[in-house]
Amino acid sequence: MRLIFIGPPGVGKGTQATLIKDHFDILHLSTGDILREEIAQQSTVGIKAKSFMDRGYLVPDNILLEMMEKRLQQPDSENGYLLDGFPRTIPQAEGLDDILERTNQVLDAVVSIELDTDTIVKRLSSRRSCKQCDSITNLLFNPPKTEGRCDICSGELVQRSDDKDEVVLNRLTVYNEQTAPLLDYYTNKGLIITIDGQGDIAVIKNNILEVLA
Ligand code: AMP
């Protein structure tokens, strides 16, 4: 199974991606997570990516394509994968098509999760992640048992620098201008599945599984 998850920031992509990869036992590759790890390690890629990410802009296509080409050649991707946050531009989608062709692989589906802008902004401004284990929680929808502390490991809960209101609005503009055109790109290939991102997490997961069956 090879899947792509597309949707604006805050739509619940990462949450659903984690559930669906567990269901199919495939690799979950979140380019946002990979880039944040590169930044933590102060690698060359991380240093280049940081200034774009802090301002809510996309990291240049050539950096992403080189990073993902290397990642998708590793043996753990052989049984399938779920790409979360990649591709995010038409050149990235074309680059991914080249990689797939060269490795004799095909995509099974592109899952597009949709949600209205007001709900997205509300979700992102109340989203917190654990400094220690990276798990995500939401102060409004899934508040931690102890204020400011992760339910899983008691690590400190922090707001991602790009979840601050002014950066969120920029990320949404970037999504509409650069990523939304991918919906037509994959519709033309007959791969798009559209899912309503509003509502209960388990119900949304089941809706995704139903259409993938
Ligand atoms: P995410 O965690 O998916 O919301 O990604 C956080 C940030 O990482 C984005 O706002 C971008 O700056 C950067 N990023 C993640 N994936 C990509 C991508 N495919 N292309 C360019 N930038 C990306």
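Going by the working numbering, the sequence shown opens with residue 123, and the numbers climb by one from there.
Every residue gets a Cβ at the ideal spot worked out from N, C-alpha and C, and that includes glycine.
Return the first residue and the last residue of the beta strand (DSSP E) that GLU72 is part of.
Nothing about residue 72 can be reported from this structure: the residues present for the chain run from 123 to 335 only.
Please classify ALA215 as buried or exposed, where buried requires at least 16 neighbouring CB atoms within 10 angstroms.
Here the question's residue 215 lines up with position 93 in the sequence shown. When all chains shown are included, ALA215 counts as buried.
Report the residue ranges of all alpha helix (DSSP H) runs contained in full by the segment 129 to 208; include only those spanning at least 4 residues, in chain order.
Those alpha helix (DSSP H) runs which fall completely within the segment 129 to 208 and span 4+ residues are 135 to 146, 153 to 162, 166 to 176, 183 to 194.
Can you determine whether any heavy atom of ligand 2 sits closer than 7 Å to the C-beta of TYR179, and answer yes or no?
Ligands displayed in this structure: ligand 1; ligand 2 is not among them.
Starting from the Cα of GLN227, find the closest Cα among SER234, LEU125, ASP322 and give me that residue.
Numbered from 1 along the sequence shown, position 105 holds the residue referred to as residue 227. Of the listed residues, the one whose Cα sits closest to GLN227 is LEU125.
Report yes or no: is there a C-beta of chain B within less than 8 Å of the C-beta of ARG124?
The question asks about chain B, but that chain is absent: this structure has only one protein chain.
For GLY136 and THR268, what's the separation of their Cα atoms in angstroms?
Counted from its first residue, the sequence shown places residue 136 at position 14. Counted from its first residue, the sequence shown places residue 268 at position 146. Computed Cα separation, rounded: 24 Å.
DSSP beta-bridge partners for LEU334?
Numbered from 1 along the sequence shown, position 212 holds the residue referred to as residue 334. In the DSSP output, where bridge partners are listed per residue, LEU334 has none listed.
Does the beta-carbon of MET123, which I'm using as the reference point, lie nearer than 7 Å to any heavy atom of ligand 1?
Against the sequence shown, residue 123 aligns to sequence position 1. Incorrect: MET123 has no Cβ contact closer than 7 Å to ligand 1.
Run through DSSP, which three-state label would ALA324 get?
Position 202 of the sequence shown, counted from the start, is the residue given in the question as residue 324. Helix, per DSSP.
With DSSP as the reference, label ILE274 as helix, strand or coil.
Translated into the one-based positions of the sequence shown, residue 274 becomes position 152. Three-state result, ILE274: coil.
Given a cut-off of 8 Å on the beta-carbon distance, is the pair ILE128 and LYS327 in contact?
Along the sequence shown, one-based indexing puts residue 128 at 6. Along the sequence shown, one-based indexing puts residue 327 at 205. In this structure, LYS327 does not lie closer than 8 Å to ILE128 by Cβ.
Would you call PHE208 buried or exposed, if buried means 16 or more other Cβ atoms sit within 10 Å of its Cβ?
The sequence position of residue 208 within the sequence shown is 86, counting from 1. So PHE208 counts as buried.
Would you give the residue range spanned by the beta strand (DSSP E) that GLU236 belongs to?
Taking the first residue of the sequence shown as position 1, residue 236 is located at position 114. Its beta strand (DSSP E) spans residues 231 to 236.
Report the rounded CA-to-CA distance for THR239 versus MET189, giving the unit in angstroms.
Within the sequence shown, residue 239 is the residue found at index 117, counting from 1. Within the sequence shown, residue 189 is the residue found at index 67, counting from 1. Using only the alpha carbons, I get a separation of about 30 Å.
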